[in-house]
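Using my numbering, you'd call the opening residue of the sequence shown number 6 and step up by one each time.
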Amino acid sequence: MIEKREQGAKKKNRFGFFIGFFLALIAVISLGLFWLDRQTLDQQLLSSFDGLIEDLNGYVLLEFFQYSLETSVPILFLGMLLAYLLIRILALIWRSPRIIREMLANRSAKRTQRLFNDSLIFLSKGDARRAKKKLKSASSTNHPILQSFLINIEMSIDSGDIAESHNWVEKASSKLPEVKDYIYIFASKLLIDAGCFIDARSYVDELIESNPKNPAANQLLFKILNDTRDYDLILRKIFEFSDYINDDELAQTIHGLVKNAIANQQPTKTIFERIPRSIDAHPMIVTSKIEAWISNKEYLKAETELRKQIPNNWNKELILLYAELGDDKVNELSERTDKWLEERPKDANLWLVASRLAQKDGLWSKAQQCIERSIEIRPTSQTYTELALILSELGEKQQASEALKLARQTSG
Numbered sequence: 006m007i008e009k010r011e012q013g014a015k016k017k018n019r020f021g022f023f024i025g026f027f028l029a030l031i032a033v034i035s036l037g038l039f040w041l042d043r044q045t046l047d048q049q050l051l052s053s054f055d056g057l058i059e060d061l062n063g064y065v066l067l068e069f070f071q072y073s074l075e076t077s078v079p080i081l082f083l084g085m086l087l088a089y090l091l092i093r094i095l096a097l098i099w100r101s102p103r104i105i106r107e108m109l110a111n112r113s114a115k116r117t118q119r120l121f122n123d124s125l126i127f128l129s130k131g132d133a134r135r136a137k138k139k140l141k142s143a144s145s146t147n148h149p150i151l152q153s154f155l156i157n158i159e160m161s162i163d164s165g166d167i168a169e170s171h172n173w174v175e176k177a178s179s180k181l182p183e184v185k186d187y188i189y190i191f192a193s194k195l196l197i198d199a200g201c202f203i204d205a206r207s208y209v210d211e212l213i214e215s216n217p218k219n220p221a222a223n224q225l226l227f228k229i230l231n232d233t234r235d236y237d238l239i240l241r242k243i244f245e246f247s248d249y250i251n252d253d254e255l256a257q258t259i260h261g262l263v264k265n266a267i268a269n270q271q272p273t274k275t276i277f278e279r280i281p282r283s284i285d286a287h288p289m290i291v292t293s294k295i296e297a298w299i300s301n302k303e304y305l306k307a308e309t310e311l312r313k314q315i316p317n318n319w320n321k322e323l324i325l326l327y328a329e330l331g332d333d334k335v336n337e338l339s340e341r342t343d344k345w346l347e348e349r350p351k352d353a354n355l356w357l358v359a360s361r362l363a364q365k366d367g368l369w370s371k372a373q374q375c376i377e378r379s380i381e382i383r384p385t386s387q388t389y390t391e392l393a394l395i396l397s398e399l400g401e402k403q404q405a406s407e408a409l410k411l412a413r414q415t416s417g
């Protein structure tokens, strides 16, 4: 299909050249006759050619001002053909340097592609050493392929030679400056996956410096800060990140900030003041606020919010928080949980909460029944472990041991 299009385009170019040639020929003849009109030539000199074509039929007479040129049709067409060939030869000579350059470029491109294909073959066979040689040769041609540089970068990072990967990034950027940003992003992702956050950060910072609104660069920076637990910088740039990070990921990160602050007994007020409005009602943000209230022993505020939120979405995190409210209202909390269970008897999370509330109240037999019901619906390593603890409290050592085995099997 592509070849047919190219052939059609060539035919159109030839036809256009042919039309252009005749237009140019007419212009040349007109200019020539105009030039003759300005010369002081004897009319007899122009008519001296009459004897040469006297015996030929089919005359063509060209007149311009007081000059005239008479010839036969065959000779006229022969002259036009010779003129056409002469123009084509001159055009070919004129274009020959460009044609030679194109031929050399095509040859270099084919060689590069062949070297790159050979490297892929060696890689498929597990021969990394020979593949590297082919890739190095493919990258050194006058018409390199981007993929050859990318594979070199990836192989260097995989082998742990980060310095070599930087060299390949620099070579790729100098050879193909138009895709420099893509090369930096590609290398940054690989470095982040390899845990080389400082090296990745250097590329990301350069990308943001050249274009502060680069979405990919900002997303990579967010990931680096998350993985390195640089929560202070995340919090300072949270409004900037909100333009590039999806709500779920942003809310999950803020939840991590809150949990980290609670674990280190740090205030959470600053975190909640920096939450973008777009995610203020997100379930993870609501969960974070409730966890902070529970941590500060603001149980009434936490219970009020939980009783409003749980029936709306039956979110697992919110349901499990209900068991962490104060011990002074265990009976009331248990009654509310029982009502929810009447509405949702197959909710494993509600049964787990009912078991934990029963444990707080010292009702170990009820706790066992509730946790076993939760396991019937959805067995997990966590619920089996809690069952083992309950059985230990009831003095069922053998059954507790079996529950721990099931916990290990489930986690495996």
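Note that CB positions come from ideal geometry on N, CA and C, so glycine has one too. The model shown is predicted, which means the values in this text are computed figures rather than measured ones.
The beta carbon of residue 393 sits closer than 7 Å to those of 405, 408, 409 and 412, all from its chain and outside the five residues before and after it, given in chain order. Measuring C-alpha to C-alpha distances from residue 349 to each of 249, 332, 378 and 219 identifies 378 as the nearest. Note that the C-beta distance between residue 305 and residue 325 is not below 8 Å. Our two residues, residue 183 and residue 315, have alpha carbons roughly 53 Å apart in a direct line. Bounds of the alpha helix (DSSP H) holding residue 344 are 335 to 348. For the pair of segments examined, the stretch 193 to 213 was found not to touch the stretch 240 to 259: the number of CB pairs separated by less than 8 Å stays below three. Ranked by Cα distance from residue 294, the options 353, 266, 333 and 171 are led by 266. Distances from the alpha-carbon of residue 248 to those of 224, 178 and 310 put 224 closest. The three-state reading of DSSP puts residue 84 in helix, counting H, G and I together. For residue 215, the uninterrupted alpha helix (DSSP H) run begins and ends at 202 to 215, by DSSP. Our two residues, residue 402 and residue 192, have alpha carbons roughly 55 Å apart in a direct line. Note on residue 157: 16 or more other CB atoms within 10 angstroms of its CB, so buried under the neighbour-count rule. Membership of residue 276 in the alpha helix (DSSP H) is indicated by the continuous run 274 to 278. Judged by DSSP in its simplified three-state form, residue 249 adopts coil rather than helix or strand. Counting every other CB atom within 10 Å of its CB across the protein chains shown gives residue 398 a total below 16, marking it as exposed. One alpha carbon belongs to residue 260, the other to residue 276, and they sit about 10 Å apart. The alpha-carbon separation between residue 133 and residue 171 amounts to approximately 19 Å. Restricting attention to alpha helix (DSSP H) runs no shorter than 4 residues, the stretch 373 to 413 encloses them at 386 to 398, ordered along the chain. Residue environment: residue 253 is assigned as exposed (fewer than 16 neighbouring CB atoms within 10 Å of its CB, all protein chains considered).
In the structure shown, the three-state DSSP call for residue 415 is helix.
With a cutoff of 8 Å on beta-carbon distance, residue 362 and residue 328 are scored as near each other.
Restricting attention to 382, 274 and 258, the CA atom closest to the CA of residue 235 is found in 258.
Between residue 292 and residue 322 the beta-carbon gap is near 5 Å, inside 8 Å, which marks them as a contact. Counting along the chain, the unbroken alpha helix (DSSP H) around residue 288 starts and ends at 288 to 300. Under the three-state reduction of DSSP, residue 131 is assigned to coil, being neither helix nor strand. Closest in alpha carbon position to residue 149, among 129, 181 and 137, is 181. Judged by DSSP secondary structure, residue 306 falls within the alpha helix (DSSP H) whose first and last residues are 304 to 318.
Nearest in C-alpha terms to residue 381, of all of 202, 353 and 155, is 353. Under the three-state reduction of DSSP output, residue 182 falls in the helix class.
Excluding five sequence positions before and after residue 371, the CB atoms of its chain that fall closer than 7 Å to its own CB belong to 363, given in chain order.
Bounds of the alpha helix (DSSP H) holding residue 220 are 220 to 232.
It is roughly 30 Å from the alpha-carbon of residue 273 to the alpha-carbon of residue 336. DSSP places residue 164 outside any alpha helix (DSSP H), giving it a letter other than H or E. Taking a 10 Å sphere around the C-beta of residue 227, we find 16 or more other C-beta atoms and assign the residue as buried.
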